[in-house]
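These notes are about the structure you will find just below.
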Amino acid sequence: MGLRIFGYICLGIICAAIIIPAAFLCYWLADRHIPVEVSRTEVLTPVVKPGGKLIIRQTVRYLRDCRGHVDRVLYDAHTHRKWLADVDYERPPRGLGEHVITFVEDVPSYFEAGDASYRAVPVYSCNLVHQYLWPLTRDETVIRFKVEGAPF
913 MGLRIFGYIC LGIICAAIII PAAFLCYWLA DRHIPVEVSR TEVLTPVVKP GGKLIIRQTV
973 RYLRDCRGHV DRVLYDAHTH RKWLADVDYE RPPRGLGEHV ITFVEDVPSY FEAGDASYRA
1033 VPVYSCNLVH QYLWPLTRDE TVIRFKVEGA PF
């Protein structure tokens, strides 16, 4: 009788060791809600000279406490590009809610006159599945501006 009860306890522990992690994994796999909404983006300097400053203002709403990583790059119309510093954060920088973020980027002096763009590709992770297997992404942010003639 005691051996049978011991067997049932062991079987219960083994089943719990399989079912509980599987339930967490299923919950994390189903969690595909994007934790950030960008409601407005405006370019404060729509025309920039080479070597000048590009100023962008975004209204961002952080909905969840999630880790974020943003790859950013500037392109001009003549196949030049400048990789910008990545933006990384463990939690939203100023907490949850709506915030206005203004950032300034230097336009390289080697950029030639014409259309140009700022591109940002965000990736978010709110749990272990997002962090190691299947990150949350949203559409690339593309902000267009113009580069005018040579700086001198």
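Under the working numbering, residues 913 to 1064 are what the sequence shown spells out, in order.
Don't be surprised by glycine CBs; every beta carbon is placed ideally from N, CA and C.
Quick caveat: nothing in here was measured; it's all calculated off a predicted structure.
Worksheet item: Buried or exposed: where does D988 fall if 16 or more other Cβ atoms within 10 Å of its Cβ makes it buried?
Response: By the 10 Å Cβ count, D988 comes out buried.
Discussion item. Do Y1001 and R902 have their beta-carbon atoms positioned less than 8 Å apart in this structure?
Written reply: One cannot answer for residue 902 here, as it falls past the ends of the chain, which runs 913 to 1064.
Fill in: Which listed residue (L956, L966, E949 and I968) has its alpha carbon closest to that of L975
E949
Discussion item. Cutting at 8 Å between CB atoms, please list the residues of its own chain near L1008, excluding the five before and the five after it.
Written reply: Cβ neighbours of L1008 beyond the five flanking positions: Y974, L975, R976 and D977.
Worksheet item: Where does H1042 land, buried or exposed, given buried means 16+ other C-beta within 10 angstroms?
Response: Counting Cβ neighbours within 10 Å, H1042 comes out buried, since at least 16 surround it.
Item to complete: Could I get the ranges of all uninterrupted beta strand (DSSP E) runs contained in the segment 976-1024, with 3 residues as the minimum, in chain order?
Response: With a minimum length of 3 residues, the continuous beta strand (DSSP E) runs that stay inside the segment 976-1024 are 979-988, 993-1001 and 1009-1018.
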